[in-house]
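Here is the structure we will look at, set down as C-alpha coordinates.
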Amino acid sequence: MRSERADDLQMSVLKSTANRELLAASDAAPSDWGALARYLSAQGMSFDPTESAHQFAGGLANRNYLLTINGQPTVFRRPPDGELPPGAHDMAREHRILSCLSHALSFVPKSLHYCGDKGVIGVPFQLIEYRPGLVVRGADMSLLQSCANASAILSETLVSTLAALHAVDARAVGLDGLGRPQGFVARAIAGWSKRGALVVGDTGARKLVDDISGWLARQRFRERPPTILHCDFKLDNLILDPATLAPVALVDWDMGTRGDPLFDLATLLSYWVEPDDPAALLQLKQMPTSLPGFWRRDDVAKRYAALTGIDLDGLPAMRVLALFKLGVVFLQLHRQFLNGAVNDARYADFAHVGEALLLLAKDIASGSTKGI
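First residue of the sequence shown? That's 1 in full-length UniProt numbering, and the numbers climb one at a time after it.
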(Lines of atoms letter the chains of each structure in order from A and count residues from 1; the text may use other names and numbers.)
(Lines give C-alpha, C1' and ligand atoms only; values in the text may rest on other atoms or scores of the structure.)
Protein backbone atom coordinates (compact mmCIF):
# COMPACT_ATOMS: atom_id res chain seq x y z
CA MET A 1 0.00 0.00 0.00
CA ARG A 2 1.33 3.45 -0.90
CA SER A 3 1.95 5.83 2.00
CA GLU A 4 0.59 9.39 2.18
CA ARG A 5 4.20 10.60 2.06
CA ALA A 6 4.77 8.73 -1.21
CA ASP A 7 1.58 10.21 -2.67
CA ASP A 8 2.63 13.71 -1.54
CA LEU A 9 6.06 13.21 -3.13
CA GLN A 10 4.49 12.01 -6.36
CA MET A 11 2.15 14.99 -6.55
CA SER A 12 4.90 17.53 -5.84
CA VAL A 13 7.23 15.99 -8.40
CA LEU A 14 4.46 15.76 -10.98
CA LYS A 15 3.70 19.46 -10.57
CA SER A 16 7.39 20.33 -10.84
CA THR A 17 7.81 18.05 -13.84
CA ALA A 18 4.81 19.55 -15.61
CA ASN A 19 6.34 23.01 -15.29
CA ARG A 20 9.68 21.80 -16.63
CA GLU A 21 8.31 19.62 -19.43
CA LEU A 22 5.87 22.10 -20.95
CA LEU A 23 7.03 25.23 -22.69
CA ALA A 24 4.99 28.39 -22.37
CA ALA A 25 2.18 28.60 -24.89
CA SER A 26 3.95 31.50 -26.60
CA ASP A 27 7.01 29.26 -27.12
CA ALA A 28 5.10 26.52 -28.90
CA ALA A 29 6.16 26.06 -32.49
CA PRO A 30 3.43 27.33 -34.84
CA SER A 31 0.90 24.94 -36.33
CA ASP A 32 -2.45 25.39 -38.07
CA TRP A 33 -4.66 24.70 -35.08
CA GLY A 34 -7.75 25.93 -36.89
CA ALA A 35 -7.28 23.35 -39.65
CA LEU A 36 -6.70 20.69 -37.01
CA ALA A 37 -9.91 21.67 -35.21
CA ARG A 38 -11.93 21.43 -38.42
CA TYR A 39 -10.44 18.03 -39.24
CA LEU A 40 -11.07 16.64 -35.75
CA SER A 41 -14.62 17.94 -35.77
CA ALA A 42 -15.25 15.97 -38.96
CA GLN A 43 -13.91 12.89 -37.12
CA GLY A 44 -16.32 13.43 -34.22
CA MET A 45 -13.70 14.95 -31.90
CA SER A 46 -13.80 18.36 -30.22
CA PHE A 47 -10.81 20.69 -29.99
CA ASP A 48 -10.96 24.42 -29.28
CA PRO A 49 -8.16 26.08 -31.28
CA THR A 50 -8.38 29.20 -29.10
CA GLU A 51 -7.11 27.22 -26.10
CA SER A 52 -3.38 27.22 -25.39
CA ALA A 53 -1.33 24.52 -27.09
CA HIS A 54 1.71 23.75 -24.96
CA GLN A 55 4.74 22.20 -26.62
CA PHE A 56 6.64 19.61 -24.61
CA ALA A 57 10.24 20.54 -23.85
CA GLY A 58 13.09 18.22 -24.74
CA GLY A 59 13.27 16.04 -27.78
CA LEU A 60 15.40 16.74 -30.80
CA ALA A 61 13.17 15.83 -33.73
CA ASN A 62 9.42 15.20 -33.62
CA ARG A 63 7.22 17.86 -32.06
CA ASN A 64 4.86 16.98 -29.24
CA TYR A 65 2.12 19.19 -27.81
CA LEU A 66 -0.34 18.89 -24.95
CA LEU A 67 -3.85 19.65 -26.21
CA THR A 68 -7.31 19.17 -24.74
CA ILE A 69 -9.37 16.95 -27.04
CA ASN A 70 -12.83 15.71 -26.08
CA GLY A 71 -12.17 17.29 -22.70
CA GLN A 72 -9.13 15.10 -22.06
CA PRO A 73 -5.41 15.98 -22.08
CA THR A 74 -3.99 14.43 -25.25
CA VAL A 75 -0.59 14.39 -26.91
CA PHE A 76 -0.53 15.76 -30.46
CA ARG A 77 2.57 14.43 -32.25
CA ARG A 78 3.94 15.44 -35.63
CA PRO A 79 7.28 15.33 -37.49
CA PRO A 80 9.47 18.41 -37.96
CA ASP A 81 9.22 20.63 -41.02
CA GLY A 82 11.50 20.33 -44.03
CA GLU A 83 13.05 17.39 -45.84
CA LEU A 84 13.21 14.33 -43.59
CA PRO A 85 15.81 11.50 -43.57
CA PRO A 86 14.49 8.28 -45.14
CA GLY A 87 12.69 6.04 -42.66
CA ALA A 88 12.61 8.62 -39.87
CA HIS A 89 9.62 10.31 -38.18
CA ASP A 90 7.20 7.61 -39.38
CA MET A 91 3.89 8.48 -37.72
CA ALA A 92 2.05 5.61 -39.44
CA ARG A 93 4.53 3.04 -38.16
CA GLU A 94 4.35 4.47 -34.65
CA HIS A 95 0.55 4.43 -34.68
CA ARG A 96 0.55 0.78 -35.74
CA ILE A 97 3.00 -0.25 -33.03
CA LEU A 98 1.25 1.65 -30.22
CA SER A 99 -2.17 0.37 -31.29
CA CYS A 100 -0.99 -3.24 -30.95
CA LEU A 101 1.65 -3.15 -28.23
CA SER A 102 -0.37 -1.11 -25.72
CA HIS A 103 -2.54 -4.20 -25.16
CA ALA A 104 0.48 -6.27 -24.08
CA LEU A 105 2.60 -3.83 -22.08
CA SER A 106 1.21 -1.46 -19.46
CA PHE A 107 3.96 1.07 -20.15
CA VAL A 108 3.06 1.53 -23.82
CA PRO A 109 0.54 4.37 -24.34
CA LYS A 110 -2.36 4.05 -26.77
CA SER A 111 -2.40 5.79 -30.12
CA LEU A 112 -5.84 7.35 -30.34
CA HIS A 113 -5.86 8.55 -33.95
CA TYR A 114 -3.61 8.80 -37.00
CA CYS A 115 -3.94 11.12 -39.98
CA GLY A 116 -1.73 10.51 -43.00
CA ASP A 117 -3.33 13.28 -45.10
CA LYS A 118 -0.69 16.01 -45.48
CA GLY A 119 -3.42 18.30 -46.77
CA VAL A 120 -4.74 18.86 -43.25
CA ILE A 121 -1.76 20.62 -41.61
CA GLY A 122 1.07 19.86 -44.06
CA VAL A 123 2.43 16.73 -42.34
CA PRO A 124 1.06 13.42 -41.01
CA PHE A 125 0.23 13.45 -37.31
CA GLN A 126 -1.22 11.35 -34.52
CA LEU A 127 -2.99 11.70 -31.20
CA ILE A 128 -1.59 9.68 -28.30
CA GLU A 129 -2.81 8.95 -24.80
CA TYR A 130 -1.29 11.40 -22.31
CA ARG A 131 0.48 9.88 -19.33
CA PRO A 132 1.89 12.28 -16.76
CA GLY A 133 5.06 11.42 -14.91
CA LEU A 134 8.71 12.18 -14.39
CA VAL A 135 11.20 12.52 -17.26
CA VAL A 136 14.92 12.48 -16.47
CA ARG A 137 16.69 14.47 -19.16
CA GLY A 138 20.40 14.62 -19.77
CA ALA A 139 22.48 14.44 -16.62
CA ASP A 140 19.92 16.29 -14.48
CA MET A 141 18.93 14.25 -11.42
CA SER A 142 17.74 17.24 -9.37
CA LEU A 143 14.15 15.99 -9.13
CA LEU A 144 15.38 12.79 -7.46
CA GLN A 145 17.65 14.27 -4.80
CA SER A 146 15.49 12.82 -2.02
CA CYS A 147 15.82 9.27 -3.39
CA ALA A 148 19.13 7.83 -2.19
CA ASN A 149 19.00 4.77 -4.46
CA ALA A 150 17.69 6.52 -7.57
CA SER A 151 20.71 5.70 -9.74
CA ALA A 152 20.56 1.96 -9.01
CA ILE A 153 16.76 1.90 -9.37
CA LEU A 154 16.94 3.65 -12.74
CA SER A 155 19.61 1.23 -13.91
CA GLU A 156 17.38 -1.74 -13.09
CA THR A 157 14.30 -0.02 -14.54
CA LEU A 158 16.01 0.52 -17.88
CA VAL A 159 17.23 -3.05 -18.22
CA SER A 160 14.04 -4.72 -16.98
CA THR A 161 11.85 -2.54 -19.21
CA LEU A 162 13.92 -3.44 -22.27
CA ALA A 163 13.80 -7.12 -21.33
CA ALA A 164 10.00 -6.94 -20.95
CA LEU A 165 9.68 -5.41 -24.42
CA HIS A 166 11.84 -8.11 -25.99
CA ALA A 167 9.78 -10.83 -24.30
CA VAL A 168 6.59 -9.83 -26.18
CA ASP A 169 5.38 -12.33 -28.77
CA ALA A 170 5.00 -10.20 -31.91
CA ARG A 171 2.51 -12.63 -33.46
CA ALA A 172 0.31 -12.59 -30.36
CA VAL A 173 -0.05 -8.79 -30.51
CA GLY A 174 -0.50 -8.59 -34.28
CA LEU A 175 2.95 -7.27 -35.12
CA ASP A 176 4.42 -10.35 -36.78
CA GLY A 177 4.38 -8.45 -40.08
CA LEU A 178 6.30 -5.48 -38.69
CA GLY A 179 9.58 -4.82 -40.46
CA ARG A 180 11.78 -7.38 -42.22
CA PRO A 181 13.74 -9.15 -39.49
CA GLN A 182 15.67 -11.49 -41.78
CA GLY A 183 18.92 -9.77 -42.66
CA PHE A 184 18.07 -6.90 -40.28
CA VAL A 185 21.65 -6.15 -39.20
CA ALA A 186 23.04 -6.18 -42.75
CA ARG A 187 20.31 -3.78 -43.87
CA ALA A 188 20.94 -1.56 -40.85
CA ILE A 189 24.63 -1.36 -41.75
CA ALA A 190 23.84 -0.60 -45.39
CA GLY A 191 21.14 1.91 -44.49
CA TRP A 192 23.15 3.89 -41.98
CA SER A 193 26.19 3.78 -44.28
CA LYS A 194 24.07 5.34 -47.03
CA ARG A 195 22.63 7.97 -44.70
CA GLY A 196 26.11 8.73 -43.38
CA ALA A 197 27.50 9.20 -46.87
CA LEU A 198 24.59 11.48 -47.79
CA VAL A 199 24.89 13.70 -44.75
CA VAL A 200 28.69 14.16 -44.89
CA GLY A 201 28.90 14.49 -48.69
CA ASP A 202 32.47 15.17 -49.83
CA THR A 203 33.64 16.62 -46.51
CA GLY A 204 36.61 15.35 -44.52
CA ALA A 205 34.27 13.06 -42.57
CA ARG A 206 33.56 10.96 -45.67
CA LYS A 207 36.60 8.70 -45.15
CA LEU A 208 35.57 8.19 -41.54
CA VAL A 209 32.10 7.08 -42.61
CA ASP A 210 33.54 4.81 -45.31
CA ASP A 211 36.03 3.21 -42.89
CA ILE A 212 33.38 2.38 -40.30
CA SER A 213 30.96 1.16 -42.96
CA GLY A 214 33.61 -1.14 -44.41
CA TRP A 215 34.54 -2.55 -41.00
CA LEU A 216 30.91 -3.24 -40.10
CA ALA A 217 30.27 -4.92 -43.45
CA ARG A 218 33.14 -7.34 -42.77
CA GLN A 219 31.72 -8.49 -39.42
CA ARG A 220 29.71 -11.68 -39.10
CA PHE A 221 26.69 -11.13 -36.90
CA ARG A 222 24.76 -14.12 -35.60
CA GLU A 223 21.13 -14.38 -36.75
CA ARG A 224 18.98 -14.40 -33.59
CA PRO A 225 15.23 -14.90 -33.24
CA PRO A 226 13.80 -11.42 -33.83
CA THR A 227 12.05 -9.35 -31.20
CA ILE A 228 10.10 -6.11 -31.32
CA LEU A 229 12.64 -3.27 -31.25
CA HIS A 230 12.23 0.30 -30.06
CA CYS A 231 15.41 1.46 -31.85
CA ASP A 232 16.01 4.51 -29.63
CA PHE A 233 15.75 3.07 -26.15
CA LYS A 234 17.15 5.49 -23.55
CA LEU A 235 16.18 7.09 -20.28
CA ASP A 236 14.46 10.25 -21.52
CA ASN A 237 12.12 8.15 -23.67
CA LEU A 238 10.72 6.69 -20.45
CA ILE A 239 8.09 8.52 -18.40
CA LEU A 240 8.41 7.36 -14.80
CA ASP A 241 6.24 7.12 -11.72
CA PRO A 242 7.86 9.72 -9.41
CA ALA A 243 7.22 7.62 -6.30
CA THR A 244 8.55 4.27 -7.53
CA LEU A 245 10.49 5.13 -10.73
CA ALA A 246 8.56 2.36 -12.48
CA PRO A 247 7.86 3.01 -16.17
CA VAL A 248 4.58 4.81 -16.86
CA ALA A 249 5.18 5.15 -20.60
CA LEU A 250 7.81 4.29 -23.20
CA VAL A 251 7.52 6.86 -25.97
CA ASP A 252 9.10 7.75 -29.34
CA TRP A 253 8.29 4.66 -31.42
CA ASP A 254 8.58 6.10 -34.93
CA MET A 255 11.59 3.89 -35.76
CA GLY A 256 10.24 0.73 -34.12
CA THR A 257 10.61 -2.56 -36.02
CA ARG A 258 11.58 -6.21 -35.51
CA GLY A 259 15.12 -7.51 -35.53
CA ASP A 260 18.10 -8.58 -33.43
CA PRO A 261 17.40 -7.66 -29.79
CA LEU A 262 21.07 -6.79 -29.26
CA PHE A 263 20.53 -3.76 -31.50
CA ASP A 264 18.27 -2.24 -28.82
CA LEU A 265 20.73 -3.19 -26.06
CA ALA A 266 23.64 -1.70 -28.03
CA THR A 267 21.61 1.46 -28.61
CA LEU A 268 21.06 1.82 -24.86
CA LEU A 269 24.77 1.21 -24.26
CA SER A 270 25.70 3.85 -26.86
CA TYR A 271 24.04 6.43 -24.60
CA TRP A 272 25.36 4.86 -21.36
CA VAL A 273 28.30 7.03 -20.31
CA GLU A 274 30.83 6.05 -17.65
CA PRO A 275 33.03 8.52 -15.71
CA ASP A 276 36.27 7.38 -17.37
CA ASP A 277 34.90 7.37 -20.92
CA PRO A 278 36.48 9.33 -23.80
CA ALA A 279 35.49 12.98 -24.14
CA ALA A 280 33.24 12.19 -27.10
CA LEU A 281 30.89 10.26 -24.83
CA LEU A 282 31.18 12.57 -21.84
CA GLN A 283 30.01 15.52 -23.93
CA LEU A 284 27.01 13.54 -25.21
CA LYS A 285 25.09 14.12 -21.94
CA GLN A 286 22.04 12.11 -23.02
CA MET A 287 21.74 10.15 -19.77
CA PRO A 288 23.04 10.74 -16.20
CA THR A 289 24.84 7.39 -16.01
CA SER A 290 28.27 8.89 -15.28
CA LEU A 291 26.96 9.96 -11.87
CA PRO A 292 27.63 7.84 -8.75
CA GLY A 293 25.43 4.79 -8.23
CA PHE A 294 24.68 3.92 -11.85
CA TRP A 295 25.71 0.53 -13.13
CA ARG A 296 28.56 0.10 -15.58
CA ARG A 297 27.84 -0.97 -19.14
CA ASP A 298 29.15 -4.46 -18.44
CA ASP A 299 26.69 -4.79 -15.53
CA VAL A 300 23.85 -3.66 -17.80
CA ALA A 301 24.74 -6.28 -20.42
CA LYS A 302 25.03 -9.09 -17.87
CA ARG A 303 21.72 -8.20 -16.22
CA TYR A 304 20.00 -8.10 -19.60
CA ALA A 305 21.40 -11.54 -20.47
CA ALA A 306 20.23 -12.91 -17.11
CA LEU A 307 16.70 -11.55 -17.60
CA THR A 308 16.28 -12.62 -21.22
CA GLY A 309 18.53 -15.65 -21.67
CA ILE A 310 19.83 -14.02 -24.88
CA ASP A 311 23.52 -14.54 -25.61
CA LEU A 312 25.70 -11.46 -25.99
CA ASP A 313 27.91 -12.74 -28.80
CA GLY A 314 28.88 -9.85 -31.06
CA LEU A 315 27.68 -7.11 -28.69
CA PRO A 316 30.87 -4.96 -28.99
CA ALA A 317 30.50 -4.92 -32.80
CA MET A 318 26.80 -4.12 -32.42
CA ARG A 319 27.76 -1.18 -30.20
CA VAL A 320 30.00 0.11 -33.01
CA LEU A 321 26.92 0.03 -35.26
CA ALA A 322 24.85 1.84 -32.61
CA LEU A 323 27.47 4.57 -32.16
CA PHE A 324 27.79 4.89 -35.93
CA LYS A 325 24.02 5.33 -36.19
CA LEU A 326 24.02 7.86 -33.34
CA GLY A 327 26.81 9.88 -34.95
CA VAL A 328 24.93 9.98 -38.25
CA VAL A 329 21.72 11.03 -36.47
CA PHE A 330 23.49 13.99 -34.85
CA LEU A 331 24.88 14.99 -38.24
CA GLN A 332 21.37 14.76 -39.74
CA LEU A 333 19.98 16.93 -36.95
CA HIS A 334 22.70 19.49 -37.59
CA ARG A 335 21.76 19.47 -41.28
CA GLN A 336 18.17 20.31 -40.31
CA PHE A 337 19.55 23.24 -38.30
CA LEU A 338 21.58 24.49 -41.28
CA ASN A 339 18.57 24.12 -43.60
CA GLY A 340 16.40 26.19 -41.26
CA ALA A 341 13.96 23.36 -40.48
CA VAL A 342 14.72 23.92 -36.77
CA ASN A 343 16.08 26.95 -34.95
CA ASP A 344 16.96 25.29 -31.64
CA ALA A 345 20.37 26.55 -30.49
CA ARG A 346 21.24 23.07 -29.17
CA TYR A 347 21.63 21.88 -32.76
CA ALA A 348 24.47 24.29 -33.55
CA ASP A 349 27.19 22.02 -32.12
CA PHE A 350 25.72 18.72 -33.31
CA ALA A 351 28.14 18.36 -36.22
CA HIS A 352 31.01 18.28 -33.73
CA VAL A 353 29.17 15.76 -31.53
CA GLY A 354 28.33 13.57 -34.52
CA GLU A 355 31.90 13.45 -35.84
CA ALA A 356 33.24 12.75 -32.35
CA LEU A 357 30.89 9.76 -32.06
CA LEU A 358 32.05 8.46 -35.44
CA LEU A 359 35.67 8.72 -34.29
CA LEU A 360 34.78 6.79 -31.14
CA ALA A 361 33.07 4.08 -33.21
CA LYS A 362 36.21 3.75 -35.31
CA ASP A 363 38.41 3.57 -32.19
CA ILE A 364 36.28 0.74 -30.78
CA ALA A 365 36.39 -1.07 -34.11
CA SER A 366 40.19 -0.80 -34.18
CA GLY A 367 40.50 -2.03 -30.59
CA SER A 368 42.07 1.17 -29.25
CA THR A 369 39.02 1.81 -27.03
CA LYS A 370 37.05 -0.76 -25.01
CA GLY A 371 34.05 -2.24 -26.74
CA ILE A 372 31.72 -2.37 -23.73
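Here a beta-carbon is modelled for each residue, glycine too, at the ideal position from N, C-alpha and C. Fair warning: this is a prediction, and the values are worked out from it, not measured in the lab.
Please name the residue or residues paired with P73 in a DSSP beta bridge. T68.
What residues in its chain sit with their C-beta under 7 Å from that of R222, if we drop five residues either side in the sequence? D313 and G314.
Spatial distance of A305 from I372 (CA atoms): Computed Cα separation, rounded: 14 Å.
On the three-state DSSP scale, how would you describe V300? Looking at V300 - three-state DSSP - the assignment turns out to be helix.
What's the call for E355, buried or exposed, on a 16-neighbour Cβ count within 10 Å? It counts as buried.
If I measure Cβ to Cβ from R224 and keep anything under 6 Å in the same chain, skipping five residues before and after, which residues do I get? Excluding positions up to five away in sequence, the list reads D260.
Selection from K325, S155, L66 and V75 that minimises the alpha carbon distance to L357: Distance from the Cα of L357 is smallest, within the candidate group K325, S155, L66 and V75, for K325.
Which residues share a DSSP beta bridge with I239? In DSSP, I239 forms a bridge with A249.
Taking buried to mean at least 16 other C-beta atoms within 10 Å of its own C-beta, is D264 buried or exposed? Counting of Cβ neighbours within 10 angstroms places D264 among the buried residues, the total reaching 16 or more.
Leaving out five residues before and five after Q62 in sequence, what residues of the same chain have Cβ atoms less than 8 Å from its Cβ? A small correction: the amino acid at residue 62 is Asn; Gln does not occupy that position in the sequence shown. Take N62, set aside five residues on each side of it, and the residues of its chain with a beta-carbon closer than 8 Å to its own are R77, R78, P79, P80, H89, D252 and D254, in chain order.
Paired residues, beta bridge with R78 - DSSP: Looking at the DSSP output, R78 bridges to R63.
Out of R38, L268, T203 and V168, state which residue places its alpha-carbon closest to the alpha-carbon of I121. Selection R38, L268, T203 and V168 evaluated against I121 yields R38 as nearest (Cα-Cα).
Any heavy atom of the ligand GTP within a distance shorter than 6 Å of the CB on K302? Absent from the structure shown: the ligand GTP. Ligands present: none.
Between which residues of its own chain and P124 is the CB-CB distance below 8 Å, once the five residues before and five after are set aside? Cβ neighbours of P124 beyond the five flanking positions: R78, P79, M91, A92, Y114, C115, G116, D117 and K118.
Through-space distance from L331 to V200, alpha-carbon basis: Cα-Cα distance, rounded: 8 Å.
Locate the beta strand (DSSP E) running through I128, then write down its first and last residues. F125 to E129 is the extent of the beta strand (DSSP E) around I128.
Cα-Cα separation, D176 to Y130: If you take the alpha carbons of D176 and Y130, they lie about 27 Å apart.
Could you pull out every residue in the same chain whose Cβ sits closer than 6 Å to the Cβ of A365, ignoring the five residues on either side in sequence? If the five residues before and after A365 are omitted, its C-beta is found closer than 6 Å to the C-beta atoms of W215 and V320, all from its own chain and listed in chain order.
From this set, G191, D277 and A152, which residue's C-alpha is nearest D299's C-alpha? Of G191, D277 and A152, the residue nearest in Cα terms is A152.
On a Cα-Cα basis, can you pick out the residue from D210, F107 and A205 that is closest to T161? The shortest C-alpha separation from T161 is found at F107.
Closest residue to D48 among F56, L36, S146 and A164 (Cα-Cα distance): Answer by Cα proximity: L36.
Out of curiosity, what's the CA-to-CA distance linking L134 and F294? As the crow flies, the alpha-carbon of L134 is around 18 Å from that of F294.
Cβ atoms of V328 and R195: under 7 Å apart, would you say? At a Cβ-Cβ threshold of 7 Å, R195 and V328 count as neighbours.
Beta-carbon spacing of L323, F350 below 7 Å: If you check the CB distance, L323 and F350 do not come in under 7 Å.
For the segment 257-294, which segments carrying the beta strand (DSSP E) assignment without a break, of at least 3 residues, lie completely within its bounds, in sequence order? Taken in chain order, the complete beta strand (DSSP E) segments of 3 or more residues contained in the segment 257-294 are 257-259.
Is it the case that the segment 233-241 contacts the segment 261-280, given that we only count it when at least three CB pairs across the two stretches are under 8 Å? The segment 261-280 is in contact with the segment 233-241.
What's the gap between the Cα of V288 and the Cα of V273? In the sequence on display, residue 288 carries Pro and not Val. Approximately 8 Å, taken between the alpha carbons.
Inter-residue Cα distance where the pair is R220 and S41: One Cα belongs to R220, the other to S41, and the distance between them is close to 53 Å.
DSSP three-state call for I310: helix, strand or coil? For I310, the secondary structure class from DSSP, reduced to helix, strand or coil, is coil.
For E51 and T68, which I take to be in contact (beta-carbon distance under 8 Å), what is that distance rounded to the nearest angstrom? Indeed they touch by this definition, with Cβ atoms about 6 Å apart.
G183 versus A301: straight-line alpha-carbon distance, rounded: Between G183 and A301, the C-alpha separation is close to 23 Å.
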